[in-house]
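Colleague: Once you've had a glance at the structure underneath, I'll fire off some questions.
In my numbering, the protein residues as written are 75 to 280.
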(Lines of atoms letter the chains of each structure in order from A and count residues from 1; the text may use other names and numbers.)
(Lines give C-alpha, C1' and ligand atoms only; values in the text may rest on other atoms or scores of the structure.)
Protein backbone atom coordinates (compact mmCIF):
# COMPACT_ATOMS: atom_id res chain seq x y z
CA UNK A 1 0.00 0.00 0.00
CA UNK A 2 1.33 3.45 -0.90
CA UNK A 3 0.92 5.49 2.28
CA UNK A 4 1.19 9.26 2.14
CA UNK A 5 1.85 11.94 4.68
CA UNK A 6 1.95 15.74 4.51
CA UNK A 7 5.16 17.75 4.72
CA UNK A 8 4.78 21.49 4.33
CA UNK A 9 1.94 22.02 1.87
CA UNK A 10 2.39 18.80 -0.10
CA UNK A 11 1.43 15.15 0.09
CA UNK A 12 4.49 13.00 -0.44
CA UNK A 13 4.28 9.32 -1.37
CA UNK A 14 6.36 7.36 1.11
CA UNK A 15 7.29 4.97 -1.69
CA UNK A 16 9.02 7.83 -3.50
CA UNK A 17 11.18 8.56 -0.47
CA UNK A 18 12.05 4.89 -0.10
CA UNK A 19 13.06 4.58 -3.75
CA UNK A 20 15.08 7.79 -3.57
CA UNK A 21 16.93 6.65 -0.45
CA UNK A 22 17.55 3.17 -1.82
CA UNK A 23 19.03 4.53 -5.04
CA UNK A 24 21.31 6.81 -3.02
CA UNK A 25 22.61 3.91 -0.96
CA UNK A 26 23.34 1.80 -4.01
CA UNK A 27 25.10 4.71 -5.71
CA UNK A 28 27.49 5.37 -2.82
CA UNK A 29 30.97 5.12 -4.27
CA UNK A 30 33.49 3.03 -2.35
CA UNK A 31 36.73 3.59 -4.27
CA UNK A 32 38.69 6.83 -3.85
CA UNK A 33 39.10 9.10 -6.86
CA UNK A 34 42.83 9.23 -6.26
CA UNK A 35 45.34 7.23 -4.25
CA UNK A 36 49.06 7.90 -4.33
CA UNK A 37 50.90 5.03 -6.00
CA UNK A 38 52.32 2.66 -3.41
CA UNK A 39 50.63 4.50 -0.56
CA UNK A 40 51.80 3.34 2.86
CA UNK A 41 50.68 5.05 6.06
CA UNK A 42 53.10 3.29 8.42
CA UNK A 43 55.04 6.50 9.13
CA UNK A 44 51.97 8.08 10.72
CA UNK A 45 51.32 7.62 14.43
CA UNK A 46 49.29 10.82 14.89
CA UNK A 47 46.40 12.44 13.06
CA UNK A 48 45.57 16.10 12.53
CA UNK A 49 41.83 16.36 11.92
CA UNK A 50 40.79 19.71 10.51
CA UNK A 51 37.36 21.00 11.58
CA UNK A 52 34.59 19.79 9.28
CA UNK A 53 34.33 22.40 6.51
CA UNK A 54 30.72 23.52 6.03
CA UNK A 55 31.48 27.07 4.94
CA UNK A 56 30.11 26.73 1.41
CA UNK A 57 27.56 23.97 1.90
CA UNK A 58 24.47 24.11 -0.31
CA UNK A 59 21.04 22.89 0.76
CA UNK A 60 19.38 21.07 -2.14
CA UNK A 61 15.75 20.01 -2.27
CA UNK A 62 14.75 16.42 -3.05
CA UNK A 63 12.93 15.77 -6.31
CA UNK A 64 9.48 15.87 -4.72
CA UNK A 65 10.07 19.41 -3.44
CA UNK A 66 11.39 20.96 -6.65
CA UNK A 67 8.20 22.94 -7.32
CA UNK A 68 8.05 24.26 -3.75
CA UNK A 69 9.11 27.95 -3.83
CA UNK A 70 10.21 27.97 -0.19
CA UNK A 71 13.93 28.48 0.34
CA UNK A 72 15.68 25.78 2.35
CA UNK A 73 18.70 26.96 4.34
CA UNK A 74 21.42 25.49 6.53
CA UNK A 75 21.32 26.93 10.04
CA UNK A 76 24.81 27.82 11.24
CA UNK A 77 23.84 26.93 14.80
CA UNK A 78 23.08 23.45 13.55
CA UNK A 79 26.38 23.54 11.69
CA UNK A 80 28.34 23.93 14.92
CA UNK A 81 26.60 20.85 16.34
CA UNK A 82 27.40 18.88 13.16
CA UNK A 83 31.06 19.87 13.43
CA UNK A 84 31.14 18.72 17.04
CA UNK A 85 29.60 15.35 16.11
CA UNK A 86 32.24 14.92 13.41
CA UNK A 87 35.16 15.66 15.71
CA UNK A 88 33.76 13.48 18.51
CA UNK A 89 33.44 10.52 16.13
CA UNK A 90 36.99 10.97 14.85
CA UNK A 91 38.40 11.20 18.37
CA UNK A 92 36.48 8.16 19.60
CA UNK A 93 37.44 5.85 16.75
CA UNK A 94 41.02 6.98 16.12
CA UNK A 95 42.37 7.45 19.65
CA UNK A 96 40.89 4.53 21.58
CA UNK A 97 42.33 1.04 22.00
CA UNK A 98 45.95 1.86 21.29
CA UNK A 99 45.12 4.13 18.38
CA UNK A 100 46.49 7.40 17.08
CA UNK A 101 46.72 10.66 19.00
CA UNK A 102 44.77 13.57 17.59
CA UNK A 103 47.02 16.62 17.42
CA UNK A 104 46.77 20.23 16.26
CA UNK A 105 50.28 20.74 14.84
CA UNK A 106 51.96 19.35 11.74
CA UNK A 107 54.83 16.87 12.11
CA UNK A 108 56.61 14.24 10.05
CA UNK A 109 54.66 11.45 11.79
CA UNK A 110 51.26 13.15 11.43
CA UNK A 111 48.54 12.46 8.87
CA UNK A 112 46.30 15.39 7.93
CA UNK A 113 42.58 14.76 7.28
CA UNK A 114 40.36 17.38 5.67
CA UNK A 115 36.65 16.84 4.99
CA UNK A 116 34.30 19.33 3.33
CA UNK A 117 30.54 18.98 3.00
CA UNK A 118 29.62 20.38 -0.41
CA UNK A 119 25.86 19.92 -0.28
CA UNK A 120 23.11 18.32 1.75
CA UNK A 121 19.71 17.12 0.55
CA UNK A 122 17.31 16.68 3.47
CA UNK A 123 14.33 14.44 2.80
CA UNK A 124 12.06 17.00 4.49
CA UNK A 125 12.38 20.74 5.01
CA UNK A 126 14.75 21.58 7.88
CA UNK A 127 12.77 22.42 10.99
CA UNK A 128 9.80 20.20 10.11
CA UNK A 129 8.59 18.27 13.16
CA UNK A 130 6.97 14.86 13.30
CA UNK A 131 3.36 15.39 14.29
CA UNK A 132 2.87 18.54 12.20
CA UNK A 133 -0.68 18.58 10.80
CA UNK A 134 -1.53 15.64 13.04
CA UNK A 135 0.65 13.11 11.21
CA UNK A 136 3.67 11.21 12.48
CA UNK A 137 6.56 11.41 10.01
CA UNK A 138 9.08 8.60 9.62
CA UNK A 139 11.84 8.49 7.02
CA UNK A 140 14.50 6.07 5.82
CA UNK A 141 17.50 8.10 6.93
CA UNK A 142 17.68 11.89 7.08
CA UNK A 143 18.80 12.66 3.55
CA UNK A 144 22.03 12.70 1.56
CA UNK A 145 25.19 14.70 1.39
CA UNK A 146 28.03 15.22 -1.06
CA UNK A 147 31.49 15.39 0.42
CA UNK A 148 35.13 15.83 -0.48
CA UNK A 149 37.71 14.20 1.79
CA UNK A 150 41.49 14.43 1.55
CA UNK A 151 44.30 12.60 3.30
CA UNK A 152 47.56 14.57 3.16
CA UNK A 153 51.01 14.50 4.66
CA UNK A 154 50.78 17.21 7.31
CA UNK A 155 54.19 18.77 6.62
CA UNK A 156 54.51 18.63 2.82
CA UNK A 157 50.74 18.75 2.22
CA UNK A 158 51.23 16.07 -0.44
CA UNK A 159 47.88 14.57 -1.44
CA UNK A 160 47.76 10.90 -0.47
CA UNK A 161 44.10 10.11 -1.11
CA UNK A 162 41.02 11.90 -2.41
CA UNK A 163 37.47 10.68 -1.88
CA UNK A 164 34.44 12.47 -3.29
CA UNK A 165 30.84 11.47 -3.73
CA UNK A 166 27.36 11.10 -2.36
CA UNK A 167 26.54 9.44 0.94
CA UNK A 168 23.20 8.56 2.53
CA UNK A 169 22.65 9.95 6.04
CA UNK A 170 21.21 6.94 7.84
CA UNK A 171 19.76 3.72 6.46
CA UNK A 172 16.98 2.75 8.87
CA UNK A 173 13.40 3.92 9.40
CA UNK A 174 13.16 6.41 12.24
CA UNK A 175 10.74 9.01 13.49
CA UNK A 176 11.54 12.52 12.32
CA UNK A 177 13.29 14.08 15.33
CA UNK A 178 16.40 16.17 15.93
CA UNK A 179 17.89 13.39 18.05
CA UNK A 180 17.46 10.88 15.24
CA UNK A 181 19.01 13.26 12.71
CA UNK A 182 22.01 13.64 15.01
CA UNK A 183 22.27 9.88 15.48
CA UNK A 184 22.21 9.33 11.71
CA UNK A 185 25.04 11.84 11.28
CA UNK A 186 26.99 10.34 14.17
CA UNK A 187 26.79 6.90 12.57
CA UNK A 188 27.95 8.27 9.22
CA UNK A 189 30.91 10.12 10.73
CA UNK A 190 31.80 7.05 12.77
CA UNK A 191 31.92 5.00 9.57
CA UNK A 192 34.34 7.49 8.05
CA UNK A 193 36.54 7.41 11.15
CA UNK A 194 36.52 3.60 11.21
CA UNK A 195 37.65 3.50 7.58
CA UNK A 196 40.57 5.83 8.33
CA UNK A 197 41.48 3.72 11.38
CA UNK A 198 41.45 0.54 9.30
CA UNK A 199 43.85 2.02 6.75
CA UNK A 200 46.24 3.18 9.46
CA UNK A 201 46.04 -0.12 11.36
CA UNK A 202 46.69 -2.12 8.22
CA UNK A 203 49.90 -0.27 7.36
CA UNK A 204 51.02 -0.11 11.00
CA UNK A 205 50.35 -3.84 11.50
CA UNK A 206 47.94 -3.27 14.39
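The C-beta atom is built at its ideal place from N, Cα and C for all residues, glycine as well.
DSSP state of residue 223, grouped into three classes?
Modeller: Here residue 223 sits in strand by DSSP.
Colleague: Taking the beta carbon of residue 266 as the centre, do at least 16 other beta carbons fall within 10 Å, making it buried, or is it exposed?
Modeller: Buried.
Colleague: Helix, strand or coil: which one does DSSP assign to residue 103?
Modeller: With a pLDDT of only 48 at residue 103, under 50, the local geometry of the prediction cannot be trusted, and no value is derived from it.
Colleague: Do you know offhand how far residue 108's Cα is from residue 237's?
Modeller: Roughly 7 Å between the two C-alpha positions.
Colleague: Among 242, 187, 105, which one has its Cα closest to the Cα of residue 120?
Modeller: Checking every option, the nearest Cα to that of residue 120 belongs to 187.
Colleague: Could you pull out every unbroken beta strand (DSSP E) segment of at least 3 residues lying fully inside the stretch 109 to 188, listed in chain order?
Modeller: Runs found: 120 to 123.
Colleague: Could you tell me the boundaries of the beta strand (DSSP E) in which residue 281 lies?
Modeller: With the chain running from 75 to 280 in the structure shown, residue 281 is simply not present.
Colleague: Residue 127 and residue 218 - do their beta-carbons sit closer together than 7 Å?
Modeller: Cβ atoms of residue 218 and residue 127: not closer than 7 Å.
Colleague: Within 10 angstroms of its Cβ, does residue 156 collect 16 or more other Cβ (buried), or is it exposed?
Modeller: The residue is buried, with at least 16 neighbouring Cβ atoms inside 10 Å.
Colleague: From the DSSP output, read off the bridge partner residues of residue 274.
Modeller: None, per the DSSP bridge assignment.
Colleague: Use the C-beta contact count for residue 179: other C-beta atoms within 10 angstroms, 16 or more gives buried, fewer gives exposed.
Modeller: Exposed, by the Cβ-count rule.
Colleague: If we call anything under 7 Å between Cβ atoms a contact, is residue 233 one with residue 241?
Modeller: No, they are not a contact pair.
Colleague: On the three-pair Cβ rule with 8 Å, is the stretch 165 to 174 touching the stretch 132 to 151?
Modeller: Taking 8 Å as the limit for Cβ pairs, the verdict is that the stretch 132 to 151 does not touch the stretch 165 to 174.
Colleague: Are the beta-carbon atoms belonging to residue 131 and residue 148 less than 7 Å from one another?
Modeller: Cβ distance < 7 Å, so residue 131 and residue 148 count as in contact.
Colleague: My output table needs one value for residue 265: the three-state DSSP class, helix, strand or coil.
Modeller: Residue 265 falls in the helix class under three-state DSSP.
Colleague: Taking residue 182 as the reference, which of 135, 256, 230, 272 has the closest Cα?
Modeller: It is 230 whose Cα lies nearest to the Cα of residue 182.
Colleague: Answer yes or no: do residue 260 and residue 176 have a C-beta to C-beta separation smaller than 7 Å?
Modeller: Not in contact: residue 260 and residue 176 (Cβ atoms no closer than 7 Å).
Colleague: Would you call the CB atoms of residue 243 and residue 262 closer than 7 Å?
Modeller: Closer than 7 Å, so yes.
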